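Comments concern the structure below.
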Amino acid sequence: MTARGHVAISCKKLRKQFVLRHTRSMKEAVVWLVKGRKGDLSKKFMALTDVSLEVQQGETVALLGLNGSGKSTLLKLISGVLQPDGGTVHTRGRVAGLIEVGAGFHHDLSGRDNVYLNGAILGMTEKQIDDMFDSIVEFSEIGEFIDTEVKFYSSGMYLRLAFSIAVHTDPEVFLIDEILAVGDEPFQRKCIAKIKELSDKGKTLFVVSHDLDLVSTVCERGILLEHGEVIMDGEVHEVVAELRSRTAA
Amino acid sequence: MAGTTEELIRPGQGRGLLDVYDHRFLLKLLVRKEIKVRYRGSVLGLLWSYVKPLMQFLIYFVALGIFLNLQRGTPNYAIYLFAGIVLVNFFTESLGNATRSIVDNRDLIRKIYLPRELFPVATVWVSAAHFLPQLVVLIGACLIAGWTPTALQLAAAVLAFVLVSVLATGLGLLFSAANVYFRDSENIVDMILMVVTWASPVLYVWTMVKDVMGPWYWLYQLNPMTVAVEIFHWAFWFPTLNEDQLELASMPPDLMTVWLPVAFLISIAVLFVGQLAFRRSAVHFAQEL
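Put into structure tokens, the structure is as follows:
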């Protein structure tokens with residue numbers, strides 16, 4: 061199993077700036093150039109300013125903060141979806157994001173086809189999916205509906221299948237963004253149990269959630285972000301308490 | 004777990020088209036998905052891919068070949084036309100869909116890191132799958148007309164197909180990336196596709212262009228699509244002609260020795276430029292979409 065003591069995620073002086081462009085047409089861009097570049101075609105917005113952090117293998121980290129504090133941006137930088145404007149990100153081993161489960165689902169395909177498609181999107185090989193297939197279906201409780209097109213699924217079934225694929229991808233580092241609110245309560249408990257099982261196996265978990273009670277049961281360490289900066293990094297209960305006191309004030 | 008021995012890597016650093024090869028299982032699934040989705044809920048399913056080109060061929064045969072009597076100047080005109088049309092169809096479908104591929108898959112690209120080259124490349128493969136039934140219809144028509152190709156002609160046809168695939172992939176990479184920033188690209192591509200049908204000898208014969216352009220004819224011949232279409236004519240149309248008819252038909256000089264290598268060089272250059280531009284802009288796809 062994965063040993064502790066190795067760095068799984070390392071971020072150094074991360075900076076990410078978003079450019080909010082107003083235009084999507086060449087005409088406006090040309091007019092802007094002709095007019096001597098007057099005014100601004102775009103608005104700039106700093107999502108992350110100077111974020112440095114290290115996560116060891118096997119750690120379970122909760123990323124906390126209010127809306128717009130840069131949590132999802134940080135997660136996307138770690139998964140490689142976004143590239144930083146300054147600083148560096150390094151990761152070790154396969155990183156899989158449980159980011160918005162079901163992003164790769166296609167409504168007109170059967171559950172079975174979607175398991176293969178989504179599994180491959182999340183980085184599984186054909187053999188891994190073949191081996192895991194029964195376990196994925198069993199965990200999702202979809203049963204005989206696996207050969208039905210997913211557009212006929214209830215929203216709960218849909219999320220359960222998507223979550224089930226995601227937890228079976230077996231990467232070294234899991235990035236989890238706001239997806240623990242999956243399905244009804246029994247299934248949610250099952251998901252949390254599964255996530256705890258993963259962390260017991262020595263997987264690195266990096267969780268973003270607004271459900272503070274939940275993250276404090278799943279994670280050990282908390283990192284608090286505000287306006288794109290790390291303002292606190294420590295034991296999860298203390299960080300949660302700090303966030304609560306800040307929002308109450 | 005191999006986790007401890009693996010190196011620290013920087014996420015999201017792609018190796019371009021090489022990554023597509025590593026992800027060929029996913030590529031296969033993406034292609035299969037497109038094909039499945041296209042014929043969902045239809046009774047005849049894939050059969051439609053055969054019925055439509057067959058109908059198209061019959062229309063050309065009757066309306067252009069017999070009614071307009073183009074058969075007189077160009078023997079077996081329907082086969083001449085169809086050989087060019089199937090190749091142009093493949094090109095237009097590939098490039099048109101590849102251009103839209105990144106924007107259409109924005110939900111995935113914004114959330115999960117994948118080699119983004121997968122999407123344009125997958126559309127070219129899907130188009131190739133739709134090209135096959137058309138090829139079957141073409142070969143069927145050729146066989147009825149007494150087709151006897153040489154091995155060299157068949158090999159040339161395969162090369163011409165590869166040539167068009169490379170060109171479509173290169174342009175597809177270029178325009179799919181541009182489309183993220185400026186949605187005007189779709190319209191530019193639509194225009195290019197309109198021109199392509201007429202900028203290669205699909206409906207007319209190359210000698211007509213040569214008569215008009217004279218010493219500048221080589222410019223026309225620089226278009227890789229022109230070369231590919233001419234090779235398809237040589238492979239599919241030529242072997243259906245009898246000796247009297249062959250006197251009416253001719254191929255451009257140096258087609259295989261000069262123009263095919265030149266067309267390949269141009270297409271590979273386009274692929275190279277397309278990949279370069281795609282890689283440079285792919286870094287920003289997630290935030291621009």
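Taken in sequence, the protein lines are chains A and B. Start counting the first sequence at 61; every next residue gets the next number (our numbering). Start counting the second sequence at 4; every next residue gets the next number (our numbering). C-beta atoms are modelled at their ideal positions from N, C-alpha and C, and glycine is treated no differently. Being a predicted model, the structure only gives us computed values, none of them experimental.
task: State the start and end residues of the unbroken alpha helix (DSSP H) segment that holds L146 of chain B.
output: Here the alpha helix (DSSP H) through L146 of chain B covers L121 to I147.
- request: Determine, using beta carbons only, whether A160 of chain B and F235 of chain B come nearer to each other than 8 angstroms.
  value: A contact, by the Cβ cut-off of 8 angstroms.
query: How would you label F223 of chain A, buried or exposed, when you count the other beta carbons within 10 angstroms and need 16 or more for buried?
result: Result: buried.
message: Only counting the same chain, and skipping five residues up and downstream in sequence, which positions put a Cβ closer than 6 angstroms to that of T200 of chain B?
response: In its chain, beyond the 5 residues on either side, V91 have a beta carbon closer than 6 angstroms to the beta carbon of T200 of chain B.
Chain-order list of residues whose beta-carbon lies under 8 angstroms from that of G183 of chain A (same chain, five-residue window excluded): So the list reads R154, A156, T229 and P231, once near-sequence residues are dropped.
field: the stretch 42 to 58 of chain B touching the stretch 170 to 177 of chain A, judged by at least three CB pairs closer than 8 angstroms
entry: No: the two stretches stay apart, fewer than three of their Cβ pairs being nearer than 8 angstroms.
task: Using three-state DSSP, classify M292 of chain A as helix, strand or coil.
output: Correct three-state label for M292 of chain A: strand.
- request: Indicate the three-state DSSP secondary structure (helix, strand or coil) for R43 of chain B in the structure shown.
  value: If DSSP states are grouped into helix, strand and coil, R43 of chain B belongs with coil.
query: Under the rule that 16 or more other beta-carbon atoms within 10 Å means buried, what is K76 of chain A, buried or exposed?
result: Buried, since its Cβ has 16 or more Cβ neighbours within 10 Å.
query: For the alpha helix (DSSP H) that contains G87 of chain B, what are its first and last residues?
result: Its alpha helix (DSSP H) spans residues Y80 to D107.
Classification of K114 of chain B by the beta-carbon crowding that lies within 10 angstroms, buried from 16 upward: By the C-beta density criterion, K114 of chain B is buried, having at least 16 other C-beta atoms within 10 angstroms.
message: So that I know if they touch, is there some Cβ in chain A lying closer than 8 angstroms to that of G15 of chain B?
response: So yes, G15 of chain B belongs to the interface.
- prompt: My guess is that A238 of chain B and L244 of chain B are in contact by the Cβ rule of under 8 angstroms, so how many angstroms apart are they, rounded?
  reply: 13 angstroms between Cβ atoms; not a contact.
- prompt: Leaving out five residues before and five after S112 of chain A in sequence, what residues of the same chain have Cβ atoms less than 8 angstroms from its Cβ?
  reply: Same-chain partners within the cutoff: C71, K72, K73, L74, G147 and V290.
task: Quick one: grab the DSSP three-state call for K73 of chain A.
output: It is a strand residue.
K261 of chain A (DSSP reduced to helix, strand or coil): Correct three-state label for K261 of chain A: coil.
field: Validate contact between the stretch 65 to 73 of chain B and the stretch 112 to 130 of chain B using beta carbons, cut 8 angstroms, 3 pairs
entry: As far as the Cβ criterion goes, the stretch 65 to 73 of chain B does not touch the stretch 112 to 130 of chain B, which means the pair count is below three.
task: Enumerate in chain order the residues of its own chain whose CB-to-CB distance from P136 of chain B is below 7 angstroms, with the five nearest sequence positions on each side excluded.
output: Its chain contains S52, Y53 and P56 as the residues whose beta carbon lies nearer than 7 angstroms to that of P136 of chain B, once the 5 sequence neighbours on both sides are disregarded; these appear in chain order.
- prompt: Run through DSSP, which three-state label would D145 of chain A get?
  reply: Coil, per DSSP.
message: By the DSSP assignment, the alpha helix (DSSP H) with F234 of chain A in it spans what residues?
response: Boundaries for F234 of chain A: no alpha helix (DSSP H) harbours it, while the beta strand (DSSP E) harbouring it runs V233 to D237, taken from the DSSP string.
task: Give the residues of chain B in contact with D168 of chain A, contact being defined as C-beta atoms less than 7 angstroms apart.
output: Ordered by position in chain B, the residues that pass the 7 angstroms Cβ test against D168 of chain A are V40 and R43.
- prompt: Rounded to whole angstroms, how far is the Cβ of R152 of chain A from the Cβ of V67 of chain A, which I believe are closer than 8 angstroms?
  reply: With a Cβ gap of about 7 angstroms, R152 of chain A and V67 of chain A count as contacting.
task: Please go through the same chain and pick out, in chain order, the residues whose beta-carbon is closer than 8 angstroms to the beta-carbon of A216 of chain B, but skip the five residues on each side of it.
output: Checking the sequence shown, residue 216 of chain B turns out to be Met, not Ala. Contacts found: L222 and Y223.
task: Determine whether the Cβ of S70 of chain A lies closer than 8 angstroms to any Cβ atom of chain D.
output: No chain D is present in this structure, whose protein chains are A and B.
message: Is there a Cβ of chain B sitting closer than 8 angstroms to that of S139 of chain A, yes or no?
response: Taking CB atoms only, S139 of chain A has a neighbour in chain B less than 8 angstroms away.
field: Spatial distance of V268 of chain A from L123 of chain A (CA atoms)
entry: Going by the C-alpha atoms only, they are around 5 angstroms apart.
query: Taking a cut of 9 angstroms between CB atoms, which residues from the stretch 139 to 153 of chain A lie near chain B?
result: Listed by position, the residues of the stretch 139 to 153 of chain A near chain B (Cβ gap below 9 angstroms) are S139, G140, V141, L142, Q143, T148, V149, H150, T151, R152 and G153.
task: Kindly indicate which residue of B:L29, B:V198, B:T153 and B:G15 has the alpha-carbon position closest to the one of T229 of chain B.
output: That would be B:V198, whose Cα lies nearest to the Cα of T229 of chain B.
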